[in-house]
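For the sequence shown, this note's numbering begins at 234 and goes up steadily by one.
Heads up: the structure comes next, in structure tokens.
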Amino acid sequence: MSSLFIDGKWLAGEGEPLAKTNPADNAPLWQGRAASAAQVDAAVRAARAAFPAWARMGLEERAKVVRRFGERLTERKAELARVIAQETGKPLWEATTEVTTMVGKIDISLKALAERTGERAAAMGDAQAVLRHKPHGVVAVFGPYNFPGHLPNGHIVPALLAGNAVIFKPSELTPWTAEETVKLWAEAGLPAGVIGLVQGAKDTGVALAGHEGLDGLFFTGSSATGALLHKQFSGRPDKILALEMGGNNPLIVGEVADVDGAVHHVIQSAFVSAGQRCTCARRLLVPQGEWGDAFVARLVEVAGKLRVGKFDAEPAPFLGAVISNAAADALLKAQDDLVAAGGTPLLAMRRLEEGAAMLTPGIIDTTAAVRPDEEFFGPLLQVIRYADFDQAIAIANDTRFGLAGGVLSDSRELYDRYWLESRAGVVNWNKPLTGASSAAPFGGIGASGNHRPSAYYAADYCAYPVASLECDSLALPASCRPASCCEGKTMNAYEVNFDGLVGPTHNYSGLSFGNVASTSNVSAASNPKLAAKQGLQKMKALHDLGFKQGVLAPQERPDVASLRRLGFGGSDAEVIARAAKEAPTILAAATSASCMWTANAATVSPSADTADGRVHFTPANLNNKFHRSIEHPTTRRVLRAMFADETRFAVHEALPAQMHFGDEGAANHTRFCADYGRPGVEFFVFGAAAFDMRYPKPAKFPARQTLEASQAVARLHGLSEAGVVYAQQDPDTIDAGVFHNDVISVGNGEVLFHHQQAFLNQADVLDEIARKLAARGGRFTAIEVPRAEVTVEEAVKSYLFNSQLLSKPGGKMLIVVPEECRNSERVWGYLQKLAASGGPIDEVRVFDLKQSMQNGGGPACLRLRVALNQAELAAVNPKVLMSDALFASLNGWVDRHYRDRLAPEDLADPQLLIECRGALDELTGILGLGSVYPFQLA
């Protein structure tokens, strides 16, 4: 028997045998075979081949085919209704209503398509801003058994109208209805391949859902299956998934005047379709006391008289069989389990005939029972007594589901309150929960759906929006922005590196727990003057090589205000003296010149990537370390003084100072692009997730960057999903001392230079970068350093990845490394081989930055990367850009204000504060920053 429809042909399945019987009497109805994996693949390939022509056909022509399908439905209404009734067990009157609804779906879908996804246009100067929608391509529709015609139809009709090709996998419990429905589509003249039918159970579903040729999947069914599909689609943002699932739906009854009216609505809510509607009431909440007792007694009386029978019985039954004997067995067991958990049977559900799936309604009082948060998909209703409306709402919301809820009450005020406080996608007042408008969306939240409601909103997930600016002629604009192409210039863009000046209080306090250099030099004396001059020499050398270079001012240290907040009082000198005596470690933290790690200053997104076309900065909150967490207010003021033009630059506040949003700035962020002025891919690296326990955490050291922080920065900067990649560091590598991404990888342009042990799921991470960069016109190159050639420990000790990649004229790159790399035989040997390999990196340049390196800071740590176009570069405070004059001025400034030696005991010297403030006061004048330090603002 042919049961599959592939590429316009009816075929026999090659998989496991399937058979369907009438659940009311076990009479055989249908038999066939499931689709094999090869047949699923053939169906997808046929749909892929048919899609382009179907999409090009145009809505008007597609609508003609769909309307012919509606005509066939109308002609065959009686026959299809009998098929549905026999296969599901539902009464014939209900099956007939289902077919009528299928016909009505066509006009509703056309109206919704025009309203939700129709073309819109508005004048925009000499152009038109046009919004259109395009089909996804090949989509799968997974149908349920309770409405085997109507519910799949609710996905298929709008999907076809939008221009998609569809592969339909019905429930294995209703294969006959699916076959008869697809026959009507074929008779309507749907082109071969545009719709396919693959029968089968779980194996067929897994094969179809996992097929790479799918662009989306639309599912109606159980929460358990939906959760599996959601998991299967995780990490695939390129595929759309619409889930409509069940619920543990509450219905609250108040002390209404019309008791019988309320009883009627409860019956319709709980027992229509034998309780096999996803919006059926599963929990009935009634008030404690006499009124509630009387109401429940009346409900039990009426429910006990409901007629249960075969689909074609006369007089017609109110409810028929459930879908199968297995389903009936499960429901009877659920009833027994509720009683065993403390429930009291008010109306026992029972089987009408042995071996048949016809059940009478069941009502169990579970007020005092342990209630499982499950959907019992059948005529089984729990009654729960509540003391007041506050408790009723609390009980109603005590579920992981969120599909439907309702109130039967004479009080609009109570309904309004429930509407506001409920968590559901369908909320009714004085109507059955199973009632819904065809002109409204249908779907839930929580375990009931993934925020893609069907019904009237199905058009939304059947097509995606495309925004266009269109002009029918090309001409030079009448006016242009300054320094634009109208003036004969190219809008070039550059990467400008802003290196941090090492501050006057540079010392080895050993405050970075686990930092190899910082902890090993904790008791040593530092040379702040030499540290600052080494940094300046590196800036000047790169400037002389033609690279754009800027200067970022250091922090005010010691931070007296923070010491005061910690209880050290008196004059500034007394604060320092007291801290030195009572808490020298805290004083060292408040004196640390940690702003030398300028890569931690902020995360930067260039205007080519952001939604508003501005360069965005978010200062890092650095809340993992006290001595770092106090930096961001000054950092923000300094950045705003450097990038003051708010039409071109946006400098945000740091993220909330909570561990859940730990943010280490550009040390965990890089960007890939074909050109600095073109849209690129922003790469966020995190150590752990604060709220998602699926991500592993390091065992030894805390993760300093969270996924949630990276996501928040991406939102603040207005980055599109297509231009962002999130990757997790390998937790074992973090425990080896790799606290930031820039200790294990460094990127620039189209190149990522990284260690073999940099990321979890490294192959997937690199593949995602490559795909997204390719979509933006780039060709990604990953240079992986094998652990066999350089271990993680060697990379950390030599600061191999605390380096800079700089683009040279001609397309090659220069890598800037510290002297420590040359001191490691294996690392230096690797770098020499790399430069000679013919790859993108062809030159290694070494700088002696020993003074800063001994505190854990390397070339990468000393700078903040900012991609700027010509207009943006012109808007930067010019006094912070490196030049011969600025280099000379800053060298003289260091000579005047910095000490040659700073030992741990020198931090107690109050004169150090006076020296630091004097130096910074002069520096703000040199760099044109104005008042940015706390002592200047006091």
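All C-beta atoms in this analysis are idealised placements derived from N, C-alpha and C, irrespective of residue type, glycine included.
Taking the C-beta atoms as reference points, Arg881 is found nearer than 8 angstroms to Arg847. Pairing Gln465 with Gly677, the inter-Cα distance amounts to about 20 angstroms. By the Cβ criterion, the region 286-294 is not in contact with the region 444-464, since fewer than three pairs of Cβ atoms, one from each stretch, lie closer than 8 angstroms. Taken atom to atom, the span from the alpha-carbon of Ala268 to that of Pro381 is near 19 angstroms. Runs of the alpha helix (DSSP H) spanning 4 or more residues and lying entirely within the region 1050-1134 occur at 1052-1056, 1058-1068, 1083-1086, 1103-1108 and 1117-1130, in chain order. If you draw a 10 Å sphere on the C-beta of Trp1126, you find 16 or more other C-beta atoms in it, and that means buried. In this structure Gly426 is in contact with Ala282, their Cβ atoms being roughly 6 angstroms apart against a cut-off of 8 angstroms. The C-beta distance from Pro1137 to Ser756 rounds to 6 angstroms, short enough to meet the 8 angstroms contact threshold. When DSSP states are grouped into helix, strand and coil, Ile678 belongs to the coil group. DSSP places Gln1169 within a helical segment (H, G or I) once states are collapsed to three. The C-alpha of Thr868 is placed about 21 angstroms away from the C-alpha of Lys781. Secondary structure note for Arg870: its alpha helix (DSSP H) is the uninterrupted segment His865 to Met875.
Cβ-Cβ distances below 6 angstroms link Ala1015 to Leu985 and Leu999 in the same chain, with the five nearest sequence neighbours on each side left out; the list follows chain order.
Restricted to the region 297-357, the beta strand (DSSP E) segments that are unbroken, complete and at least 3 residues in length are 353-357, listed in chain order. Between the alpha carbons of Leu647 and Ser655 lies a gap of roughly 12 angstroms. In the three-state scheme derived from DSSP, where H, G and I count as helix and E and B as strand, Ala969 is classed as coil.
Contact holds between the region 885-898 and the region 935-947, because three or more Cβ pairs, one in each stretch, are under 8 angstroms apart.
Check the Cα spacing between Ala1152 and each of Glu1017, Pro787 and Pro817: the tightest is with Pro787.
Leaving aside the five residues that flank Leu702 on each side, the residues in its chain whose CB is nearer than 7 angstroms to its CB run, in chain order, Met357, Ala360 and Ala362.
In this structure, the beta-carbon distance from Leu592 to Ala507 falls below 8 angstroms.
Looking at the backbone, the Cα of Trp652 and that of Asn661 are separated by about 8 angstroms. Going by DSSP, Tyr651 is part of the alpha helix (DSSP H) stretching over Arg645 to Glu654. In the three-state scheme derived from DSSP, where H, G and I count as helix and E and B as strand, Gly480 is classed as coil.
Gly611 and Ala257 have their alpha carbons spaced roughly 15 angstroms apart. Here the C-alpha atom of Arg873 lies approximately 33 angstroms from the C-alpha atom of Ile967. The region 908-919 makes no contact with the region 804-824: fewer than 3 CB pairs, one atom from each, lie closer than 8 angstroms. The count of Cβ pairs closer than 8 angstroms, one atom from the region 477-493 and one from the region 537-551, stays below three, leaving the stretches out of contact. With contacts defined as CB atoms closer than 8 angstroms, His973 and Ala922 fail to qualify as a contacting pair. Boundaries of the alpha helix (DSSP H) around His383: His383 to Ala395. By the Cβ neighbour-count rule, Leu778 is exposed, with fewer than 16 other Cβ atoms within 10 Å of its own.
As the crow flies, the alpha-carbon of Tyr727 is around 21 angstroms from that of Asn1035. Per DSSP, Pro578 is not a residue of any alpha helix (DSSP H); the beta strand (DSSP E) it occupies stretches across Thr577 to Leu580. Look at Met1046 here: in three-state DSSP terms it is strand.
Residue state for Pro686 is assigned as coil, using DSSP reduced to three classes. Take the alpha-carbon of Ala271 and the one of Glu405: they are about 19 angstroms apart. The criterion of a C-beta distance shorter than 8 angstroms is not satisfied by Cys511 and Ser502.
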